[in-house]
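Below is one structure, written out as structure tokens; the observations come after it.
Protein chains in written order, with our numbering: chain G, 187 to 479; chain P, 60 to 388.
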């Protein structure tokens, strides 16, 4: 009983880690640029196709395939920022939502046409054989996902804490206007944040490739969950999306094991509504001024 | 001077009524020249006009983000389908749908009182997803992925409406009613309150608009119109399934609004016409049309936020000024 519970929680943490990393991207984008990227799902889906292309089709070594995928994803983030977001800064929020939503549909159906709706399998990146500790069966894949995400988040944290650019990023997140006054290249930082977001979600994408199949619509659900995680945790603190993501993953695991897997998403959504009604700013979020759109 | 401007205004109104009556005559006469498939496309366009007018109230007039209008439409369609297949009348389904949509409009609109645009976008997107998951999984009620079939069409004043042609006229009649009611809303106190909400919430509150009440009202009205659209959708198709009410459908409705003109009733009608009829004309490029429309949507909202109706108005004024030049010379 207890051991199966622990297994469910660890599995949930692995899923939650992926939500957390995508949610972190959302929050970084929001704090730096004030925009919300509804095309986040496609930024998760495209790297999955990139790594499939490099690793399975071109049969490159795994490390090289991963590096190429991350590089391409960073470029993709930059492209979206230069091509769309830059023209939207300061526009009404409705415009930003509609444009990124349209962009998302555009990318999704381009891939659907180019690669067909056929679902392709992707091999596990970690040793798939589970092992057991004191009767608890642990999947090496789950642990691999969790530790990879911890590593990436640690690197990001170090970057933001210790480098000058990282400090500039935090300054922009706190107050764009003041950052501009003290001489920070705000547009440059926003572009950088889009690149970082591209890499973050690409890591998420590479990690989910073996769990889900490689298909044009895998990004949608993960992006939606990441968004929910970001809101649960709080949109303006870096711990917010991490805790929110893990909380969401574990909740999902528990609900689908002990209540109903078909209606899992309905439970998740109900929890979100309750959190929004009780504490709209999330677990860690700080109350923002209500009318600063 | 005064009489001259009055005359101009009268002429403008006459011109508008002229255009409306020409369009009406075309809509009444055209079924006799269409094959059954094109008649179906035209009927579907009118049904979508009802739903998109609903989205226009929530998003266009009141400026509240709604990414779940396909679900509102789906709720209407499923209630109608369930009641009709269980032997009840369409005329019972319609009021029930309206009552249920009021409920859902309040439930979905309620978070909009507490949270900002971004969260509202998510709550509505999530609700759309939840509706899809529910319909897909609750197979003992909704038929699951296979959906509900054999939805019979209603009668109206003892006239059976089974044939496609008769049902088309029935839809046309209701669409006209819907359009007039939406025109009335836009002109009424509600419509003005919605617009003030969209432009600036703080200022709206300062001049005494009850923000909470009107935000909820915009959702409720939007849901009712979409639900009525869903009612007719179910009867027109005779079959409904979960895939008719996904986020892609919501996105298509938003495209219709943006391409036609956000916040303009004529825009909603124009956009719905373009997005529903054009894909039928471009059958050979069927898989590309969503890409093309997504691109057009992005370009329109950035460069022509007032939509297609604005372009048409510009062209008309241009033609008028040119013809006036011709008159004077």
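Backbone N, C-alpha and C define an ideal beta-carbon position, used for all residues, glycine too.
Neighbour flag for residue 285 of chain G against chain P, beta carbons, 7 Å: Chain P contact via Cβ: present.
Contact list for the segment 183 to 196 of chain P against chain G, Cβ threshold 8 Å: Near chain G, meaning a CB-to-CB distance below 8 Å, the residues of the segment 183 to 196 of chain P are 184, 185, 186, 188, 189, 192, 193, 196.
For residue 452 of chain G, the nearest candidate out of P:193, P:358, P:92 (CA to CA): Looking at P:193, P:358, P:92, the one whose alpha-carbon comes closest to that of residue 452 of chain G is P:193.
Where the alpha helix (DSSP H) containing residue 299 of chain G begins and where it ends: Residue 299 of chain G -> alpha helix (DSSP H) spans 279 to 301.
Backbone CA spacing between residue 296 of chain P and residue 227 of chain P [nearest angstrom]: Here the C-alpha atom of residue 296 of chain P lies approximately 12 Å from the C-alpha atom of residue 227 of chain P.
Distance between beta carbons of residue 469 of chain G and residue 420 of chain G, contact taken as under 8 Å: Indeed they touch by this definition, with Cβ atoms about 6 Å apart.
Proximity to residue 284 of chain P [Cα-Cα], best of P:99, P:116, P:87: Out of P:99, P:116, P:87, P:116 has the C-alpha closest to the C-alpha of residue 284 of chain P.
Residues bridged to residue 317 of chain G [DSSP beta-bridge criterion]: According to DSSP, residue 317 of chain G bridges with G:324.
Simplified DSSP assignment, three categories, for residue 328 of chain P: In the three-state reduction of the DSSP assignment, residue 328 of chain P falls in the helix class, which pools H, G and I.
Residue 258 of chain P - containing alpha helix (DSSP H), residue span: Note, residue 258 of chain P: alpha helix (DSSP H), 248 to 258.
Contacts that residue 364 of chain P makes with chain G (C-beta to C-beta distance below 8 Å): Going along chain G in sequence order, the residues near residue 364 of chain P (Cβ under 8 Å) are 281.
Test: residue 434 of chain G CB closer than 7 Å to a CB of chain P: No, no contact with chain P.
Inter-residue spacing [alpha-carbon to alpha-carbon] between residue 414 of chain G and residue 225 of chain P: Residue 414 of chain G and residue 225 of chain P have their C-alpha atoms spaced approximately 47 Å apart.
Cutoff 7 Å: residue 310 of chain P Cβ touching any chain G Cβ: So yes, residue 310 of chain P belongs to the interface.
Residue 131 of chain P, enclosing alpha helix (DSSP H) - first and last residue: Run containing residue 131 of chain P: 128 to 144, per the alpha helix (DSSP H) assignment.
Sequence-distant residues of its chain with Cβ nearer than 7 Å to residue 58 of chain P (five each side left out): No information on residue 58 of chain P is available, as it lies outside the stretch 60 to 388 that chain P covers here.
7 Å Cβ cutoff met for residue 402 of chain G and residue 243 of chain G: With respect to the 7 Å criterion, residue 402 of chain G and residue 243 of chain G are not classified as neighbours on the basis of their beta carbons.
Pairwise C-alpha distance: residue 437 of chain G and residue 246 of chain P: Approximately 48 Å between the Cα atoms of the pair.
Chain P within 7 Å of residue 260 of chain G, Cβ atoms only: No, its Cβ sits nowhere closer than 7 Å to a Cβ of chain P.
Cβ-based neighbour list, residue 411 of chain G, same chain, cut-off 7 Å, excluding 5 preceding and 5 following: The answer, listed in chain order, is 205, 434.
Proximity of residue 330 of chain P and residue 312 of chain P at Cβ, strictly below 7 Å: No.
Alpha-carbon spacing of residue 364 of chain G relative to residue 371 of chain P, whole angstroms: Straight-line measurement puts the Cα of residue 371 of chain P at about 44 Å from the Cα of residue 364 of chain G.
Neighbouring residues, chain P, relative to residue 413 of chain G (Cβ below 7 Å): Result: 181.
Alpha carbon of residue 85 of chain P to alpha carbon of residue 209 of chain P, nearest angstrom: About 31 Å.
One or two residues paired with residue 306 of chain G in a DSSP bridge: Under DSSP, residue 306 of chain G shares a beta bridge with G:400.
Alpha-carbon spacing of residue 368 of chain P relative to residue 340 of chain G, whole angstroms: Cα to Cα, the separation comes out at about 52 Å.
Given 8 Å, three or more beta-carbon pairs between the segment 277 to 294 of chain P and the segment 255 to 267 of chain G: No: fewer than three Cβ pairs fall under 8 Å.
Boundaries of the alpha helix (DSSP H) in which residue 243 of chain G is found, first to last residue: Per DSSP, residue 243 of chain G belongs to no alpha helix (DSSP H) and is neither H nor E.
CB of residue 210 of chain G within 7 Å of CB of residue 386 of chain G, strictly: The answer is yes: Cβ separation under 7 Å.
Extent of the continuous alpha helix (DSSP H) to which residue 356 of chain P belongs: Looking at the DSSP string, the run of the alpha helix (DSSP H) that includes residue 356 of chain P is 348 to 362.
Residue 428 of chain G versus G:336, G:354, G:380, G:344, residue with shortest Cα-Cα distance: The shortest CA-to-CA distance from residue 428 of chain G to any of G:336, G:354, G:380, G:344 is the one to G:336.
Residue 130 of chain P beta carbon less than 7 Å from that of residue 187 of chain P: Result yes, Cβ atoms of residue 187 of chain P and residue 130 of chain P sit closer than 7 Å.
Closer than 7 Å to chain G by CB, residue 110 of chain P: It does not; no Cβ of chain G falls within 7 Å.
Neighbouring residues, chain G, relative to residue 353 of chain P (Cβ below 7 Å): Those within 7 Å of residue 353 of chain P in chain G are 288, 291, 292.
Inter-stretch contact at 8 Å, needing at least 3 Cβ pairs: the segment 124 to 140 of chain P / the segment 296 to 306 of chain P: The segment 296 to 306 of chain P and the segment 124 to 140 of chain P touch, with three or more beta-carbon pairs separated by less than 8 Å.
Contact with chain P by residue 295 of chain G, beta-carbon distance below 7 Å: Yes - at least one Cβ of chain P is within 7 Å of the one on residue 295 of chain G.
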